[in-house]
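What follows is a set of notes on a single structure, which appears directly below.
In the numbering used here, the protein residues as written are 11 to 306.
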């Protein structure tokens, strides 16, 4: 079976998770890979950025002078979580917004934050996984990237149950080791509870990506030392954590413009940096795919 569903996940916020998710996804689509992004984070920051770029708004948003000419989107992640079984006449277009030939999204929904209060059942937690299987999403897309909330929640569980891999962006600080250790504990607990699911569909950690790192030559010694301390941590060595060789570098335009995307920018430096990150991402996917084939 094709393995191409990747959760962007960290138990700590403010590490550039959403930024890396949208930049990797859009870069792949610009290179003619068919990509679906799924905004599983109730904050919906990924959706806001993509909607702003492609001139869309949610159907429940009031009209303003700024968005009056925007296209209206009715698809949301809430509909996927409420999805129980295939109903006659329901199509994947009811859930997925196709932005162009190569780039699509299941949009986040600010109202989804209320959904968790009435959810948590096995049926709801498996809804995203079942949706992907029922509509053969793996076969239709080259990559499916899930942007997850920075907490252990219903949404995190649903995303991981649907995923083949997860990747962890971190910003080097004194809490990073604790955050990665906690993440592994969460995944191990999930694998223990849903053991039958993970027997048939492995969940592999592609690795840790240092995020929001200054350009080479501009990194302060303190940050360099912190990155080395994290890599040399006995805790993370015992977990056999892989660290990407290429960090995701700072781009000052990203926090200033919600609709800024590196692949459409004039920054050759950021584009080359992103290309290296994606190349290693593909290498890690190939590594685990071949490993699984050898074990079968």
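Ideal placement from N, C-alpha and C gives every residue a C-beta, glycine not left out.
From a predicted model like this one, the values you see are computed outputs, not experimental measurements.
Worksheet item: With a CB to CB cut of under 7 angstroms and the five nearest residues on each side skipped, what residues in its chain are close to residue 112?
Response: Setting aside the 5 residues that flank it on each side, residue 112 is surrounded in the same chain by 39, 42, 43, 44, 45, each with a C-beta closer than 7 angstroms to its C-beta; the list follows chain order.
Worksheet item: Mind checking whether residue 65 and residue 75 have CB atoms under 8 angstroms apart?
Response: No, the Cβ-Cβ distance between residue 65 and residue 75 is not below 8 angstroms.
Worksheet item: Does the separation of the CB atoms of residue 16 and residue 246 fall below 8 angstroms?
Response: Not in contact: residue 16 and residue 246 (Cβ atoms no closer than 8 angstroms).
Practice prompt. Leaving aside the five residues before and after residue 86 along the sequence, list all residues of the same chain whose C-beta is less than 6 angstroms from its C-beta, in chain order.
Written response: In chain order, 117, 119 place their CB closer than 6 angstroms to the CB of residue 86, counting only its own chain and leaving out the 5 sequence neighbours on each side.
Item to complete: Quick one: grab the DSSP three-state call for residue 26.
Response: Annotated three-state conformation of residue 26 is coil, per DSSP.
Discussion item. Give me, in chain order, the residues of the same chain whose beta-carbon lies closer than 7 angstroms to that of residue 59; leave out the 5 immediate sequence neighbours on both sides.
Written reply: Residues of the same chain with a CB within less than 7 angstroms of the CB of residue 59, apart from the 5 flanking positions on each side, are 32, 268, 269 in chain order.
Fill in: Assigned exposure category for residue 215 - 16 Cβ within 10 Å defines buried
Classification of residue 215: buried, given that the 10 Å Cβ count is 16 or more.
Worksheet item: Whose C-alpha, out of 20, 184, 142, is nearest the C-alpha of residue 178?
Response: If we check each option's Cα against that of residue 178, 20 comes out closest.
Worksheet item: Thinking C-alpha only, which one of 49, 285, 213, 291 is nearest residue 37?
Response: It is 285 whose Cα lies nearest to the Cα of residue 37.
Worksheet item: Alpha carbon to alpha carbon, what distance is there between residue 115 and residue 104?
Response: Approximately 12 angstroms between the Cα atoms of the pair.
Fill in: residue 299 - DSSP class collapsed to helix/strand/coil
Helix at residue 299.
Worksheet item: Are the Cβ atoms of residue 174 and residue 238 separated by less than 8 angstroms?
Response: No. Outside cutoff.
Item to complete: Would you give the residue range spanned by the alpha helix (DSSP H) that residue 236 belongs to?
Response: Its alpha helix (DSSP H) spans residues 231 to 241.
Discussion item. Quick check for students: name the residue ranges of the beta strand (DSSP E) that lie wholly in the stretch 157 to 229, counting only runs of 3 or more.
Written reply: Listed in chain order, the complete beta strand (DSSP E) runs (minimum 3 residues) inside the stretch 157 to 229 are 175 to 180, 214 to 223.
Worksheet item: residue 26 and residue 258 look like a contact to me (Cβ under 8 angstroms); what is the Cβ gap, rounded to whole Å?
Response: With a Cβ gap of about 6 angstroms, residue 26 and residue 258 count as contacting.
Worksheet entry | C-alpha gap between residue 106 and residue 149, whole angstroms | In this structure, the straight-line span from the alpha carbon of residue 106 to that of residue 149 is close to 15 angstroms.
Worksheet item: When the distance is taken between beta carbons, is residue 181 closer than 8 angstroms to residue 222?
Response: Yes, the pair counts as a contact, with Cβ atoms nearer than the cut-off.
Discussion item. Just list the residues that DSSP pairs residue 100 with in beta bridges.
Written reply: None, per the DSSP bridge assignment.
Worksheet item: Do the CB positions of residue 279 and residue 273 come within less than 8 angstroms of each other?
Response: Cβ distance not < 8 angstroms, so residue 279 and residue 273 don't count as in contact.
Worksheet item: Would a check of beta-carbon distances place residue 154 closer than 8 angstroms to chain D?
Response: The chain labelled as chain D is not found in the depicted structure, where only one protein chain is given.
Practice prompt. Give every residue of the same chain whose Cβ lies closer than 7 angstroms to the Cβ of residue 54, excluding the five residues on either side of it in the sequence, and list them in chain order.
Written response: If we look at residue 54 and ignore the five residues flanking it on each side, its Cβ neighbours are 118, 119, 120.
Discussion item. According to DSSP, is residue 294 part of a helix, a strand, or is it coil?
Written reply: Three-state result, residue 294: helix.
Discussion item. Can you tell me which residues form a DSSP beta bridge with residue 83?
Written reply: Beta-bridge pairing links residue 83 to 68.
Worksheet item: Which residue from 197, 265, 297, 298 puts its Cα closest to that of residue 28?
Response: Answer by Cα proximity: 265.
Discussion item. Rounding to the nearest angstrom, what Cα-Cα distance links residue 260 and residue 100 in this structure?
Written reply: Their Cα atoms are separated by approximately 43 angstroms.
Practice prompt. Consult DSSP for residue 147 and reduce its assignment to one of helix, strand or coil.
Written response: Note: residue 147 maps to helix in three-state DSSP.
Worksheet entry | Inter-residue spacing [alpha-carbon to alpha-carbon] between residue 227 and residue 243 | Counting only the Cα atoms, residue 243 lies some 24 angstroms from residue 227.
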